[in-house]
Each structure stands twice: as C-alpha cells, then as structure tokens.
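Following: one structure in structure tokens, then a few remarks.
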Amino acid sequence: MVYEKPASLILVGSNSVSALTYTIAMVSLGVAGFGIIGIVLISSRISRPIHRLAEQIIKENPERLEELESTNHEVNMISHAVNKLIKNITKYQEEINLKNQELTIQKQQLERLAKIGELSSRLTHNLRTPITVIKSTVDVLKHYSGNSIDKASLDRLDRIKSASENLEKQIEEVLTFIRNKPLDLKNISFKKLFEDTLKNIEIPEKIQIIFPNKDEIINCDADKMQIVFMNLISNAIDAVDKDGEIRVDVSSNENENIIKIIDNGKGIQPENLSKIFDSLFTTKSSGTGLGLPYCKSVIEQHGGTISVSPNPTTFTIILPRKIISTQTMNE
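Straight run, no breaks: the sequence shown in numbering that gives the first Met the number 0 ends on number 330.
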C-alpha cells in the first residue's frame with residue numbers, strides 16, 4: 000500500500016506547519032494570559048469594596064458603614080442590602096436592650112411589691128383583733144347602758160363602731176388585693192352569680208338595679224368574680240343620686256362574654272380615666288385605691304379585659320368564652 004502525503008503538507012512543507020503550530024500556541028497563551036489578568040483585575044475591582052465592608056463589620060462599627068462605590072450594579076445591591084440589614088439589626092438590638100431595661104425595672108418593682116404585700120398582710124392580720132375588740136366593746140356598752148346612756152354618748156359609740164367597720168372593710172380590701180390564689184374555674188349562670196353578689200351589698204331603697212332579660216353561662220372563679228361585681232356595684236351606688244339607676248347588660252359572641260355595668264351618676268372626671276385602675280389611686284376620702292386594681296387583676300387573670308368609658312359611666316368586662324362541657328351549671 001502506497002502512503003501519500005496530504006495535499007496541504009505538500010504545498011506548505013514541514014517547516015511551515017511547525018511555524019503555524021507555534022503561532023497558534025503563542026496566540027492561545029496570549030489570550031489566556033490576558034484573560035487571567037482581566038479576571039484578576041475585575042475580581043479585584045469587585046472584591047475590594049466587599050472586603051472593605053467586611054472589615055467594617057469585623058471592627059463592629061455598624062453605625063458608620065460607608066456606602067460602597069462601585070460601577071458594578073450587583074455589588075451596589077449587596078452594599079445597600081448589607082447596610083440595611085446592619086441598620087435593622089442595630090435598631091432591633093436597641094429595642095431589645097430597652098425591653099430588657101424595662102423588664103429589669105418591672106422585676107425590681109414586683110420584688111418590692113411582694114415585700115410590701117407580705118408586710119401589709121402581717122399588719123392587717125394584727126389589726127383585725129383590736130378592731131374586733133373595739134366593736135364588741137361598743138356593743139357591750141350599748142347593751143348594758145340601756146336607756147341610761149345619753150344621746151351624745153350614744154352618738155359617739157355609733158361613730159366609733161362605724162369607723163371600726165370602715166377600717167375593717169379597708170383591711171379586708173388590702174387582704175383581698177394581696178392574695179393571689181389560683182383560679183377555681185366553673186361554668187355558672189351570670190344571673191345567679193350577680194344575684195348572689197347583690198345579697199352581700201346594702202342597696203339604698205330608691206336606687207334601681209336593672210337586670211338583663213337574657214342569661215349567659217360564663218366560665219369563671221365565682222368567688223373572685225363576686226368581689227369584682229361588688230366593687231363595681233358599690234362604686235356605682237356611690238356615684239349615683241339617691242334615686243339613681245344602675246343597669247347590667249350581658250351578651251356573648253362566638254369567642255367572648257361581654258358584661259357591662261352602666262350608671263347614670265355624676266361620671267368620672269376626664270383626667271382620672273387613665274388612672275382609675277392604678278393601685279392606690281382613689282377619689283374617696285375613705286377609699287384604699289385597691290378595689291378597681293383588684294378588679295383589673297382578676298379579669299386579666301381570667302384572660303379578659305376591663306375598661307371604662309364616660310357619659311354614662313360604663314365598665315365593660317370581656318371574658319373568653321371557655322365553657323367546660325364536662326361541668327354542669329351551678330344550681
């Protein structure tokens with residue numbers, strides 16, 4: 000078999016092929032070299048501002064981050080995004096620090112209140128005995144004096160007993176406020192609960208209390224809720240005229256029981272509305288300022304809310320509608 004050279008080799012010769020190969024190789028190396036240099040330059044141009052941003056972050060100086068100057072749109076986007084992220088983190092960190100400070104203050108206040116509560120409990124328990132003795136002594140004096148005691152002395156004894164009873168009531172308010180017993184939740188008729196509450200309140204003859212026509216079943220601690228209603232009704236009685244009117248409304252929706260106690264009394268001064276649930280705030284000369292704060296505490300313990308609005312004075316209680324199906328309504 001005869002081997003024949005390709006026509007191209009016959010035309011250009013062996014030396015020309017070697018030169019062409021060398022030229023192609025050199026051009027390829029040149030292109031590759033320029034490509035590598037270009038990549039390095041572009042990479043440096045892109046990475047330099049990013050490195051500068053990284054150094055600022057590492058130095059933990061996020062509040063003075065410089066805006067990166069780059070002709071590359073993507074790099075500018077990264078710069079803006081990182082700056083925005085750092086600013087948001089700084090903002091959230093400040094908010095967290097502020098909340099931590101508030102929680103620390105609240106914790107200190109709660110610790111002080113706990114100590115005050117313990118001291119108050121001891122004092123009130125110690126005061127009960129002498130008050131009981133004073134009341135009993137007044138009753139004994141009145142009994143054995145009979146008709147021989149003059150009217151002036153009788154009036155003095157009545158004032159002593161009245162003052163003792165008022166002091167006893169204030170002591171009971173303090174004790175009730177500082178007690179924090181767990182809730183004993185039961186299903187109960189609102190109407191029955193309110194009727195039981197009124198049995199413990201002395202209602203002036205001409206003051207009218209209007210009940211709702213409908214009834215609702217509420218899930219609550221009956222004892223604590225009675226004290227809440229006693230406070231609200233007593234305040235309403237003090238606010239209305241001698242022939243005033245107090246209306247009680249109850250309604251519900253899918254999730255809530257809504258109770259309203261409305262009176263046509265003199266109302267609450269606008270400047271007092273925001274302070275009415277504050278501990279120790281009172282407009283009464285003989286008040287402790289603990290009745291309404293106790294109401295708020297109990298309602299919140301039930302997971303509900305209590306609010307007040309003027310003209311007419313309306314206290315609105317909203318309780319979660321959590322009826323326990325396995326329990327029956329209290330008779």
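From the three backbone atoms N, C-alpha and C, an ideal C-beta is built for every residue, glycine too. Remember, it's a predicted structure, so these values are computed and weren't measured experimentally.
Item, Value
"Please report how far the alpha carbon of Ser-233 lies from the alpha carbon of Gln-100, in whole angstroms.", "39 Å"
"Candidates Asn-271, Asp-214, Ile-261: which alpha carbon is nearest Ile-236's?", "Ile-261"
"Using only the heavy atoms of the ligand SAH, determine whether one of them is closer than 7 Å to the beta carbon of Phe-314.", "Among the ligands in the structure shown, none appear at all, so the ligand SAH cannot be discussed."
"Check the DSSP bridge columns for Lys-244 and list the partner residues they point to.", "Reading off the sequence shown, one finds Glu at residue 244, where the question assumed Lys. Answer by DSSP bridge pairing, in chain order: Gln-207."
"Does the beta-carbon of Met-25 have 16 or more other beta-carbons within 10 angstroms, so that it is buried, or is it exposed?", "exposed"
"Can you look up Asn-125 in the DSSP assignment and give me helix, strand or coil?", "helix"
"Secondary structure at Thr-313, three-state DSSP: helix, strand or coil?", "strand"
"Check whether the Cβ atoms of Asn-199 and Tyr-293 lie closer than 8 Å to each other.", "no"
"Determine the direct distance from the alpha carbon of Glu-244 to that of Gln-225, and round the result to whole angstroms.", "20 Å"
"By the 10 Å Cβ neighbour count, where 16 or more other Cβ atoms means buried, how is Lys-265 classified, buried or exposed?", "exposed"
"Distance, Cα to Cα, Ile-216 vs Ser-250?", "10 Å"
"From Lys-259, Asp-220, Ile-305, His-301, pick the residue whose C-alpha is nearest to that of Asp-277; which is it?", "Ile-305"
"Quick one: grab the DSSP three-state call for Ile-275.", "coil"
"Let me check one thing: in DSSP terms, what residues is Ile-260 bridge-paired to?", "Val-247, Phe-314"
"Buried or exposed for Leu-19, please, with buried defined as at least 16 other CB atoms from any protein chain shown within 10 angstroms of its CB.", "exposed"
"Per the DSSP calculation, Cys-219 is bridged to which residue(s)?", "Lys-185"
"Pick from Val-139, Asn-218, Leu-318, Ser-188: whose alpha carbon is nearest that of Lys-259?", "Leu-318"
"Nearest CA to the CA of Arg-158: which residue from Lys-141, Glu-171, Glu-201, Val-239?", "Lys-141"
"Looking at the secondary structure, which residues open and close the beta strand (DSSP E) in which Leu-308 lies?", "The sequence shown places Ser at residue 308, not Leu. 304-308 is the span of the beta strand (DSSP E), which, as asked, contains Ser-308."
"Skipping 5 residues on each side, what residues in its chain have a beta carbon closer than 6 Å to that of Val-297?", "Lys-223, Val-227"
"Considering only DSSP beta bridges, list what Pro-319 is partnered with.", "Glu-255"
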